[in-house]
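Throughout the sequence shown, residue numbering follows my numbering, covering 1 to 228 in sequence. Using N, Cα and C, we set each Cβ at its ideal position, and we do this for glycine too. Quantities reported herein were computed from a predicted structural model and do not represent experimental measurements.
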Amino acid sequence: MRTNFQSNLFFSYLKRDLLIAFRRRSASLNPLIFFVMIVALMPLSLGSYESRLQQIAPGVIWIMALLSVLLSSESLFDEDYRDGSLEQMIITPNLLFMLVLGKITAHWLTKSLPIAIASPLMGLLLSMSPESIFSLMIGLIIGTACFTLLGGLGAALTVATKDKSFLLALIIMPLYVPIIIFGSSMIYYRIDGMDWSYPLAALLSIFCMLTILSPLSISGIFRSSMVE
Numbered sequence: 001m002r003t004n005f006q007s008n009l010f011f012s013y014l015k016r017d018l019l020i021a022f023r024r025r026s027a028s029l030n031p032l033i034f035f036v037m038i039v040a041l042m043p044l045s046l047g048s049y050e051s052r053l054q055q056i057a058p059g060v061i062w063i064m065a066l067l068s069v070l071l072s073s074e075s076l077f078d079e080d081y082r083d084g085s086l087e088q089m090i091i092t093p094n095l096l097f098m099l100v101l102g103k104i105t106a107h108w109l110t111k112s113l114p115i116a117i118a119s120p121l122m123g124l125l126l127s128m129s130p131e132s133i134f135s136l137m138i139g140l141i142i143g144t145a146c147f148t149l150l151g152g153l154g155a156a157l158t159v160a161t162k163d164k165s166f167l168l169a170l171i172i173m174p175l176y177v178p179i180i181i182f183g184s185s186m187i188y189y190r191i192d193g194m195d196w197s198y199p200l201a202a203l204l205s206i207f208c209m210l211t212i213l214s215p216l217s218i219s220g221i222f223r224s225s226m227v228e
């Protein structure tokens, strides 16, 4: 009975944030537009050096995806903080975890997942092979979820802070390094004909760990801030 109530709470909050994002479609598309524009400029800077473009393409796409998600994550809890709904979430007994997870999931579906879906087109633009493009998209689907979970943690730490962009990057950026390493390694392993299931397994392990630890940490941050 309790499990059903918690799952209903998760889906109700997920639906709420999805509806809000749908009404503000232009704002939800900003991370995707930023990602596409920045990646599309790379061939212009390298000219006709296609071999060099193929070498740096995986790392470039992953880093640009990271920056796009990071820019959108800083305001993850801002509106709830301003209108007082965040305080209502905090006083909900023992259920803050599901509320936070629902909000992060909605944010990933509307602002981060489109980046992963658009990545094959960006890979073709940067002269990547079809085989490596598949591993790129799979990696970014998992990677953007990890980015969003960590971004939510940073957003919770800086929710009441003005000019938070630099502070958020300073706090969270080092935690992104393993995700970037394993994500780009998947593509380079595929290009070299090696078994890319090992970095994929590492990336999935990070995702599973963050799915539990990030909402728990965010819940603890909010509850401790309320006590103070």
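For the putative contact between residue i and residue j, defined by C-beta atoms under 8 Å, what is the C-beta separation to the nearest angstrom?
{"i": "residue 31", "j": "residue 115", "result": "6 Å"}
{"i": "residue 98", "j": "residue 9", "result": "5 Å"}
{"i": "residue 126", "j": "residue 216", "result": "With 8 Å as the limit, residue 126 and residue 216 do not qualify as a contact, their Cβ atoms being about 38 Å apart."}
Nearest-angstrom Cα distance between residue i and residue j?
{"i": "residue 156", "j": "residue 77", "result": "7 Å"}
{"i": "residue 141", "j": "residue 82", "result": "31 Å"}
{"i": "residue 29", "j": "residue 111", "result": "7 Å"}
{"i": "residue 36", "j": "residue 213", "result": "31 Å"}
{"i": "residue 223", "j": "residue 203", "result": "30 Å"}
{"i": "residue 102", "j": "residue 11", "result": "7 Å"}
{"i": "residue 184", "j": "residue 117", "result": "16 Å"}
{"i": "residue 154", "j": "residue 79", "result": "15 Å"}
{"i": "residue 187", "j": "residue 199", "result": "9 Å"}
{"i": "residue 173", "j": "residue 91", "result": "30 Å"}
{"i": "residue 61", "j": "residue 152", "result": "22 Å"}
Going by alpha carbons, who is nearest to residue i out of the options?
{"i": "residue 218", "options": "159, 189 and 175", "result": "159"}
{"i": "residue 189", "options": "108, 213 and 129", "result": "129"}
{"i": "residue 38", "options": "209, 123, 168 and 135", "result": "123"}
{"i": "residue 207", "options": "170, 197, 177 and 147", "result": "147"}
{"i": "residue 179", "options": "216, 170, 65 and 89", "result": "65"}
{"i": "residue 74", "options": "149, 181, 58 and 13", "result": "149"}
{"i": "residue 96", "options": "181, 197, 62 and 13", "result": "13"}
{"i": "residue 195", "options": "100, 72, 132 and 16", "result": "132"}
{"i": "residue 135", "options": "106, 104 and 57", "result": "57"}
When you measure from the CB of residue i to every non-hydrogen atom of the ligand SAM, does any distance come out below 7 Å?
{"i": "residue 186", "result": "Inclusion of the ligand SAM in the displayed structure is not the case, the ligand content being empty and no account of it being possible."}
Within a Cβ cutoff of 6 Å, which residues of the same chain sit near residue i, ignoring the five residues on either side of it in sequence?
{"i": "residue 85", "result": "none"}
{"i": "residue 227", "result": "At residue 227 the pLDDT is 49, less than 50, meaning the model places this residue with poor confidence and gives no usable figure here."}
{"i": "residue 68", "result": "31, 34, 35 and 115"}
Note down, in chain order, each residue of its chain lying with its Cβ closer than 8 Å to the Cβ of residue i, except the 5 sequence neighbours on either side.
{"i": "residue 40", "result": "122 and 125"}
Using C-beta distances below 7 Å, list every residue in its chain close to residue i, excluding the 5 sequence neighbours before and after it, in chain order.
{"i": "residue 221", "result": "156 and 157"}
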